[in-house]
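**Student:** If you use the numbering used here, the sequence shown corresponds to residues 90 to 372, in order.
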Amino acid sequence: MTHFKSLKEFNHYVGYTAPKKELIDVVKYDEFENLRLKSEPITTDWYMMAFKRNVTGLHCFGSTEFDRDAAFLYFVKPNQVFEWDATEPWKGYHMLISPVLLQEYNIDFSFFQYEIGEALFLTEDEQQQLETLYEQILTEYKKDTYELDLLIAYSNLIFTYIGKCYKRQFETRQPLYNKVVMTFKKELNKYYSDGNTQLPSVNYFAEKLNLSVNYFGDLIKHHTGKTASELIQEKIIIEAKHQLQSYDKSIAEIGYNLGFDYPTYFSRLFKKHTGVTPSQYRR
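Below is the structure:
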């Protein structure tokens, strides 16, 4: 598998011109005629945010009843494997940005860690707004002496707007995501009865639902008002209270059964949620 450490090499591979800098690049697809329409799996060192129209094979980017042949946007993380196979050149924009640059400017959004298949499908108004924002950052980028601070400011504005659009997507897909929430709660309620002896984790349930951890977490928070971690801890406390009503196990044994490595961790979490220690609750 090919891994690209150089933006210049990546651009040459796909069919873009060489970037001005190695830390950031902004591309408008319509400006290039000979784009590579098919690629074997590759990886890069950067985040890529791609806003595309006129793309076939949408199953790679979303496979729900709500996904349509409209413009959409997706992210690729550093070292994430991605490939493509298009029948005709796509339209739109993308931005490649180094994680070093994002860290330097303290920019971090949850959707940076979404999977490609968790793309954002845009409304007509959102498409127009994003195109305006991309044109602004592209205009600045094309200047002979562009201001990096201004590019980052435009980037941050685009990221903030995308966050707003994802919230809209969570809301408009409520019937679908209500099922996800219900499945999560069902799996959580039977977690210990299934014989699990480790603490339940957000990762565990995200994998069960075939979602990235961040997308799953954002979805749960949007539709329940609580984080997945909060709901998991609430379930642990309910299960702990149930087991504490019986005297056939010591408090340490109950803690181990729930998945805690040390009884003190169990006691600390229990008191945080109930205001009393397990011993006090049992009495």
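In this text, a Cβ means the ideal position worked out from N, Cα and C, and glycines have one as well.
What's the gap between the Cα of Ser335 and the Cα of Asn346?
**Tutor:** Going from the Cα of Ser335 to the Cα of Asn346 covers about 14 Å.
**Student:** The alpha helix (DSSP H) that contains Lys253, what's its start and end?
**Tutor:** From DSSP, the alpha helix (DSSP H) with Lys253 extends over 237-261.
**Student:** How long is the line joining the alpha carbons of Trp179 and Trp173, rounded to whole angstroms?
**Tutor:** Computed Cα separation, rounded: 11 Å.
**Student:** Going straight from the alpha carbon of Tyr255 to that of Thr91, what length do you get?
**Tutor:** Rounded to the nearest angstrom, the two C-alpha atoms are 31 Å apart.
**Student:** Taking only runs of the alpha helix (DSSP H) that begin and end inside the stretch 182-212, which ones reach a length of at least 4 residues, in chain order?
**Tutor:** Listed in chain order, they are 188-193.
**Student:** On the criterion of 16 or more Cβ atoms from any shown chain inside 10 Å, does His101 qualify as buried, or is it exposed?
**Tutor:** It is exposed - the Cβ of His101 has fewer than 16 other Cβ atoms within 10 Å.
**Student:** Going by DSSP, what residue range makes up the beta strand (DSSP E) through Ala139?
**Tutor:** Taken as a continuous stretch (DSSP letters only), the beta strand (DSSP E) holding Ala139 covers 136-142.
**Student:** I need the straight-line Cα distance from Leu239 to Thr228, nearest angstrom please.
**Tutor:** Spanning the two alpha carbons is a distance of roughly 11 Å.
**Student:** Going by other Cβ atoms of all chains shown within 10 Å of its Cβ, with 16 needed for buried, is Ala107 buried or exposed?
**Tutor:** When all chains shown are included, Ala107 counts as exposed.
**Student:** If Lys330 and Tyr370 are in contact, beta carbons under 8 Å, what's the gap, nearest whole angstrom?
**Tutor:** Contact flag correct, Cβ pair sits at about 7 Å.
**Student:** Below 7 Å between beta carbons: does that hold for Ala160 and Gln216?
**Tutor:** Yes; because the gap between Cβ atoms is below 7 Å, this pair is in contact.
**Student:** If you draw a straight line from the alpha carbon of Lys279 to that of Ile325, how long is it in whole angstroms?
**Tutor:** So the alpha carbons of these two residues sit roughly 11 Å apart.
**Student:** With the cut-off set at 7 Å, would you say Pro352 and Phe359 are in Cβ contact?
**Tutor:** No; because the gap between Cβ atoms is not below 7 Å, this pair is not in contact.
**Student:** Can you name the start and end residues of the alpha helix (DSSP H) that Pro352 belongs to?
**Tutor:** Per DSSP, Pro352 belongs to the alpha helix (DSSP H) from 352-363.
**Student:** Per DSSP, what kind of secondary structure is Lys110 in: helix, strand or coil?
**Tutor:** Of the three classes helix, strand and coil, the one that applies to Lys110 here is coil, per DSSP.
**Student:** Excluding the five sequence neighbours on either side, which residues of its own chain have a C-beta within less than 7 Å of the C-beta of Tyr105, listed in chain order?
**Tutor:** Correct list, in chain order: Val116, Phe121.
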